[in-house]
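Note sheet for the following structure.
Protein chains: 6
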Amino acid sequence: MNLSARNQLKGTIKGIKKGDLMAEVVVEVSGQDLVAIITAASVDRLGLKTGDSVAAVIKATEVMIAK
Amino acid sequence: MNLSARNQLKGTIKGIKKGDLMAEVVVEVSGQDLVAIITAASVDRLGLKTGDSVAAVIKATEVMIAK
Amino acid sequence: MNLSARNQLKGTIKGIKKGDLMAEVVVEVSGQDLVAIITAASVDRLGLKTGDSVAAVIKATEVMIAK
Amino acid sequence: MNLSARNQLKGTIKGIKKGDLMAEVVVEVSGQDLVAIITAASVDRLGLKTGDSVAAVIKATEVMIAK
Amino acid sequence: MNLSARNQLKGTIKGIKKGDLMAEVVVEVSGQDLVAIITAASVDRLGLKTGDSVAAVIKATEVMIAK
Amino acid sequence: MNLSARNQLKGTIKGIKKGDLMAEVVVEVSGQDLVAIITAASVDRLGLKTGDSVAAVIKATEVMIAK
Numbered sequence: 001m002n003l004s005a006r007n008q009l010k011g012t013i014k015g016i017k018k019g020d021l022m023a024e025v026v027v028e029v030s031g032q033d034l035v036a037i038i039t040a041a042s043v044d045r046l047g048l049k050t051g052d053s054v055a056a057v058i059k060a061t062e063v064m065i066a067k
Numbered sequence: 068m069n070l071s072a073r074n075q076l077k078g079t080i081k082g083i084k085k086g087d088l089m090a091e092v093v094v095e096v097s098g099q100d101l102v103a104i105i106t107a108a109s110v111d112r113l114g115l116k117t118g119d120s121v122a123a124v125i126k127a128t129e130v131m132i133a134k
Numbered sequence: 135m136n137l138s139a140r141n142q143l144k145g146t147i148k149g150i151k152k153g154d155l156m157a158e159v160v161v162e163v164s165g166q167d168l169v170a171i172i173t174a175a176s177v178d179r180l181g182l183k184t185g186d187s188v189a190a191v192i193k194a195t196e197v198m199i200a201k
Numbered sequence: 202m203n204l205s206a207r208n209q210l211k212g213t214i215k216g217i218k219k220g221d222l223m224a225e226v227v228v229e230v231s232g233q234d235l236v237a238i239i240t241a242a243s244v245d246r247l248g249l250k251t252g253d254s255v256a257a258v259i260k261a262t263e264v265m266i267a268k
Numbered sequence: 269m270n271l272s273a274r275n276q277l278k279g280t281i282k283g284i285k286k287g288d289l290m291a292e293v294v295v296e297v298s299g300q301d302l303v304a305i306i307t308a309a310s311v312d313r314l315g316l317k318t319g320d321s322v323a324a325v326i327k328a329t330e331v332m333i334a335k
Numbered sequence: 336m337n338l339s340a341r342n343q344l345k346g347t348i349k350g351i352k353k354g355d356l357m358a359e360v361v362v363e364v365s366g367q368d369l370v371a372i373i374t375a376a377s378v379d380r381l382g383l384k385t386g387d388s389v390a391a392v393i394k395a396t397e398v399m400i401a402k
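Pasting the structure below:
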């Protein structure tokens, strides 16, 4: 599967915190932390766990620039 | 100003392509490219240009995980 | 690649309209039209064309309900 | 009220799971499931319940394409 | 139609700038400007023009806080 | 820090409700309520509390128009 979302940053899962419906997944990307809020059901479906090699995927229209 | 958005990845602008309303800004973050679609008006207002040190800012709810 | 985004609606591309930076892709999903705005560069990278079988992918946090 | 969001997929609510702040609403759209994460307060305000005829509303800029 | 999106700020259209695919709509909300990027097709479909009374609709998960 | 997000509405925090992972922050903007869903961790990191002067920040691509 190829996805139109152009940002697919490779990294490693550093931690996962599951809430009742949502989960917080911290991915280390070249020494910087990237936090994703996804559903807890997706954490289970993908079998995500600390240490996994993953990509953080972000649609280009969702990225802002600060200077 | 402190912003609630938890993802603020430091990087350098590698290229800017302006369309009629929108603009595509490519930011190099530790060797990986991150593309932002923002308004051309914001490129002008912030005076963005190639080589600028910036942060790519992303709300945590906008990040997906691929494995 | 498995993606955390839970909504992956199967459909067929009905039309593509490219602008200078962005593109509008209309996907027919079981008789209903779904419009996606993605970058023109992604249309080229994925080689999208009318008639292609694709999935429209939507993060669950982006879906609203109207009643 | 007419809304600029172009994607308004008609469907039926198949299930609702309420968390402390957020809620997960599953809408069946022509045989495919579409999951929405909205606030639990909106579930109450709209009086959403299983079996309701609703529309899943999605802004076009939030839709990605996978091929 | 009632919409789950909880933010529906009443205002008046101050200006519209149409690009090839997208359009920029400026809404004045109690003296502050709010900019919306929607498709040019939606501007036409809703017949939006300067002076119109509208609501700017924003899903709660899309709002950040700066302090 | 200057941010590309063009919508930065000034207001006052009227209430905060924290869930397990997420939090709901209500900001009064010129007499209208604006609800933000951010992470509970960001509420703590920014030290947000009722009565604070803040800005509600919204990327222009996230705003819809209803008429």
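Protein chains in written order, with our numbering: chain A, 1 to 67; chain B, 68 to 134; chain C, 135 to 201; chain D, 202 to 268; chain E, 269 to 335; chain F, 336 to 402.
Built from N, CA and C at the ideal position, the CB exists for glycine as well.
Bridge partner(s) assigned by DSSP for residue 74(B) | As a position in the second sequence, residue 74(B) is number 7, starting the count at 1. 125(B).
Would you say residue 260(D) reaches chain F, if we count a Cβ-Cβ gap shorter than 9 Å as a contact?
-> As a first step, residue 260(D) must be located in the fourth sequence, where it is residue number 59. Judged by the 9 Å Cβ criterion, residue 260(D) is in contact with chain F.
Taking residue 184(C) as the reference, which of 158(C), 190(C) and 149(C) has the closest Cα?
-> As a working note, residue 184(C) is residue 50 in the third sequence. Taking only the C-alpha atoms, the option nearest residue 184(C) is 149(C).
Which residue or residues does DSSP assign as beta-bridge partners of residue 120(B)?
-> Here residue 120(B) refers to the residue found at position 53 of the second sequence. According to DSSP, residue 120(B) bridges with 79(B).
May I have the straight-line CA-CA distance separating residue 228(D) from residue 256(D), to the nearest angstrom?
-> As a first step, residue 228(D) is located in the fourth sequence; it is residue number 27 there, counting from the start. As a first step, residue 256(D) is located in the fourth sequence; it is residue number 55 there, counting from the start. Approximately 8 Å, taken between the alpha carbons.
With DSSP as the reference, label residue 381(F) as helix, strand or coil.
-> Sequence index remark: in the sixth sequence, residue 381(F) carries index 46 (1-based). Note: residue 381(F) maps to helix in three-state DSSP.
What is the rounded straight-line gap between the Cα of residue 329(E) and the Cα of residue 378(F)?
-> The count along the fifth sequence starts at 1 and reaches residue 329(E) at position 61. The count along the sixth sequence starts at 1 and reaches residue 378(F) at position 43. Cα to Cα, the separation comes out at about 14 Å.
If you draw a straight line from the C-alpha of residue 270(E) to the C-alpha of residue 12(A), how long is it?
-> Position 2 of the fifth sequence, counted from the first residue, corresponds to residue 270(E). Position 12 of the first sequence, counted from the first residue, corresponds to residue 12(A). Their Cα atoms are separated by approximately 42 Å.
Nearest residue (CA-CA) to residue 103(B), options 131(B), 73(B) and 85(B) = For this step, residue 103(B) is matched to residue 36 along the second sequence. That would be 85(B), whose Cα lies nearest to the Cα of residue 103(B).
Identity of the residue in 76(B), 92(B) and 130(B) nearest residue 31(A) by Cα = Translated into positions along the first sequence, residue 31(A) becomes position 31. Of 76(B), 92(B) and 130(B), the residue nearest in Cα terms is 76(B).
Give the C-beta separation of residue 38(A) and residue 29(A) to the nearest angstrom, bearing in mind that I take them to be a contact with Cβ-Cβ under 8 Å.
-> Looking up residue 38(A) in the first sequence gives position 38. Looking up residue 29(A) in the first sequence gives position 29. Not a contact, Cβ separation roughly 16 Å.
Neighbourhood of residue 168(C) by C-beta distance below 6 Å, restricted to the same chain and skipping five residues each side = Walking along the third sequence from the start, residue 168(C) turns up at place 34. Taken in chain order, the residues that qualify are 161 and 190.
Give the residues of chain G in contact with residue 28(A), contact being defined as C-beta atoms less than 9 Å apart.
-> Checking the listed chains, one finds no chain G in this structure; the protein chains it contains are A, B, C, D, E and F.
Unbroken beta strand (DSSP E) run spanning residue 198(C), endpoints = Your numbering for residue 198(C) matches position 64 in the third sequence. Element bounds for residue 198(C): 198-200.
My guess is that residue 290(E) and residue 89(B) are in contact by the Cβ rule of under 8 Å, so how many angstroms apart are they, rounded?
-> Counting from 1 along the fifth sequence, the entry for residue 290(E) is found at position 22. Counting from 1 along the second sequence, the entry for residue 89(B) is found at position 22. Indeed they touch by this definition, with Cβ atoms about 6 Å apart.
In angstroms, rounded to a whole number, what distance separates the CA positions of residue 182(C) and residue 334(E)?
-> Position 48 of the third sequence, counted from the start, is the residue given in the question as residue 182(C). Position 66 of the fifth sequence, counted from the start, is the residue given in the question as residue 334(E). When rounded, the distance between both Cα atoms is 39 Å.
Note down, in chain order, each residue of its chain lying with its Cβ closer than 6 Å to the Cβ of residue 119(B), except the 5 sequence neighbours on either side.
-> Mapped onto the second sequence, residue 119(B) falls at position 52. Answer for residue 119(B): 80, listed in chain order.
Following the continuous beta strand (DSSP E) through residue 368(F), name the residue where it begins and the one where it ends.
-> Here residue 368(F) refers to the residue found at position 33 when the sixth sequence is read from its first residue. Element bounds for residue 368(F): 367-374.
Below-9 Å beta-carbon distance, residue 270(E) vs any chain C residue | Locating residue 270(E) in the fifth sequence gives position 2, counting from the first residue. Yes, contact with chain C.
Can you give me the Cβ contacts of residue 308(E) inside the same chain, cut-off strictly under 7 Å, excluding the 5 residues immediately before and after it?
-> In the fifth sequence, residue 308(E) corresponds to position 40, counting from 1. Correct list, in chain order: 286, 287, 289, 290 and 291.
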